[in-house]
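Numbering (full-length UniProt numbering), first residue to last: 1 to 576.
Below is one structure, written out as structure tokens, with a few remarks after it.
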């Protein structure tokens, strides 16, 4: 029973470590992913969580010394009686049979668990690689719940396998006890018949402990402590995730005199932009356009200046909230191993437009009530108010353990005040609802505009291996267009895999849906910049050289005129 309970705790620990490691990538940029790739981090997730949990296992290996001692003991007893040897021999045969049967059932359940591991691993890799899409357009907690369900199913088979493994150990203990009883009876008969000395009987009785003695746990514990220290030092960066608690209170982004340097090289210098319209960013390669986008999403931190979203420095905003505060259309389309509906909606629920805006009103009140309750409570206990816990957990992307952490809750309380709760609730409710729902009418219209209906019902394969590059691009565009929320757009090199005809068709669709928006577009295709931008910013030598409309810049900016001339030459060459 102790072993079974310990194994249950071990399984629960492994699950919690796994989920915490996965959640960490939605809270900060991960060094392992950045330097070694998502596959390396996925291996770390499952490898380290398993190794951590194995520290709680009870070992039944026998040391070489005990094995030798058992053989020597049996040889010694042969000079007194053969019954001891025969009883031990029969015991081992029975034990072997019991272990064989239990192992068969253990193997069956373990194999089923492994199948689920193979199913889970690519989905976890997708979560890690496509986390930006989930944070921007979906719900972290909802997607994690999908993974958690598979983990729970896997753990069910692991627990069954553990039962059979424990049963095998129980058989060993019971056979051992029976062997002692049988030996006692046989020895009494031999003593009565003067075939065995009492002293020899007493000695052999004590030898049972030597023969069946389990391996000493001293070395195991010592090794476990060293392993724990090694694992923790290797994974501390993953678990050491600072909780950011400040929330924006409105849809306003200001880039205030930011600069960024890397290895003593200036990448951007004194960039000032109030994002009140759609800005096209142009410049030669290496002028920091992509760096600017990474600064906006918090992947990089300015060496000077600050980026303010809704009166809050983005360095203090939870990472998943930052991504939800933008609609991001990347040149690298993130595709899931699922169908068209899921790839566009990310598992959100489809409702009518009227229902959608009713949900915003509902969550506006819930969020305000939850934040008000949190401020009002001197020692808040979220476990006593599940509705508030659900809201707080989703907004701040907290784990269950973090929801119980008084320091974190007080940190959240101190970041809030009654004066701006209405503004925060108004803005955050739009984000909250956009993570959970989509408007069905808009979904159907987007499919029609982008001519994607023919992909319905098809599984796209891992990373969209069954789609063409252009199809991936259009699916990602549909995901970008679907959210019914007024937040800044970030468009990074759109239409990289489309032919010229498809590009023009999709460019018109994109222009239709983002009309009246504000944000930033980066593209080497200056016809895209010209059509989609309200104002164009030219970056030269890491600084803003000039601003204006397309025709104005042709006359005022030598660099822009050169870039446009080269663009036209390239375009005409492709059409030739």
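Don't be surprised by glycine CBs; every beta carbon is placed ideally from N, CA and C.
Would you report the Cα separation of residue i and residue j, rounded to the nearest angstrom?
i: residue 538; j: residue 263; result: 24 Å
i: residue 442; j: residue 478; result: 10 Å
i: residue 570; j: residue 341; result: 37 Å
i: residue 283; j: residue 154; result: 51 Å
i: residue 141; j: residue 437; result: 14 Å
i: residue 356; j: residue 433; result: 8 Å
i: residue 285; j: residue 496; result: 16 Å
i: residue 16; j: residue 124; result: 15 Å
i: residue 382; j: residue 247; result: 19 Å
i: residue 507; j: residue 487; result: 20 Å
i: residue 562; j: residue 554; result: 9 Å
i: residue 386; j: residue 182; result: 59 Å
i: residue 215; j: residue 67; result: Reliability of the predicted coordinates at residue 215 is poor, the pLDDT of 37 falling under 50, and the value obtained from them is presented with this limitation in mind. Distance between the alpha carbons of residue 215 and residue 67: 9 Å.
i: residue 201; j: residue 166; result: 32 Å
i: residue 310; j: residue 346; result: 27 Å
i: residue 280; j: residue 21; result: 37 Å
i: residue 145; j: residue 251; result: 29 Å
Under three-state DSSP, which class holds residue i?
i: residue 437; result: strand
i: residue 260; result: strand
i: residue 237; result: helix
i: residue 296; result: helix
i: residue 474; result: helix
i: residue 579; result: Outside the displayed range of the chain (1 to 576) lies residue 579, so it cannot be described from this structure.
i: residue 253; result: strand
i: residue 551; result: helix
i: residue 443; result: helix
i: residue 327; result: strand
i: residue 245; result: coil
i: residue 278; result: strand
i: residue 350; result: strand
i: residue 530; result: helix
i: residue 304; result: strand
i: residue 519; result: strand
i: residue 361; result: helix
i: residue 485; result: coil
i: residue 337; result: coil
i: residue 273; result: strand
i: residue 332; result: coil
i: residue 458; result: coil
i: residue 81; result: coil
i: residue 512; result: helix
i: residue 398; result: coil
i: residue 98; result: helix
i: residue 217; result: Residue placement at residue 217 cannot be trusted, given a pLDDT of 36 that sits under 50; the coordinates are not used to answer.
i: residue 496; result: coil
i: residue 431; result: helix
Looking only at DSSP bridge pairs, what is residue i linked to?
i: residue 268; result: 260
i: residue 546; result: 538
i: residue 155; result: According to DSSP, which records beta bridges pairwise, residue 155 is partnered with nothing at all.
i: residue 491; result: 329, 521
Suppose the cutoff is 6 Å on Cβ atoms and the five residues either side in sequence are ignored; what does the same chain contact list for residue i look like?
i: residue 318; result: 244, 396, 397
i: residue 217; result: Here residue 217 scores only 36 on pLDDT, less than 50, and its place in the model should not be relied on; the value that follows carries that caveat. Excluding sequence neighbours, residue 217 sits near nothing in its chain.
i: residue 467; result: 460
i: residue 585; result: Outside the displayed span of the chain (1 to 576) sits residue 585, for which this structure offers no information.
Is it buried or exposed, residue i, if we count other Cβ atoms within 10 angstroms and call 16 or more buried?
i: residue 85; result: exposed
i: residue 418; result: exposed
i: residue 457; result: exposed
i: residue 106; result: buried
i: residue 473; result: buried
i: residue 520; result: buried
i: residue 184; result: exposed
i: residue 469; result: exposed
i: residue 14; result: buried
i: residue 48; result: buried
i: residue 516; result: exposed
i: residue 139; result: buried
i: residue 188; result: exposed
i: residue 450; result: buried
i: residue 480; result: buried
i: residue 34; result: exposed
i: residue 454; result: exposed
Within a Cβ cutoff of 7 Å, which residues of the same chain sit near residue i, ignoring the five residues on either side of it in sequence?
i: residue 268; result: 258, 259, 260, 288, 291, 292, 542
i: residue 305; result: 256, 257, 258, 259
i: residue 556; result: 546, 548
Here's a check: name, in chain order, each residue in its chain whose Cβ is nearer than 8 Å to the Cβ of residue i, leaving out the five neighbours to either side.
i: residue 109; result: 157, 158, 160, 161, 164
i: residue 364; result: 425, 426, 429
i: residue 38; result: 125, 128, 129
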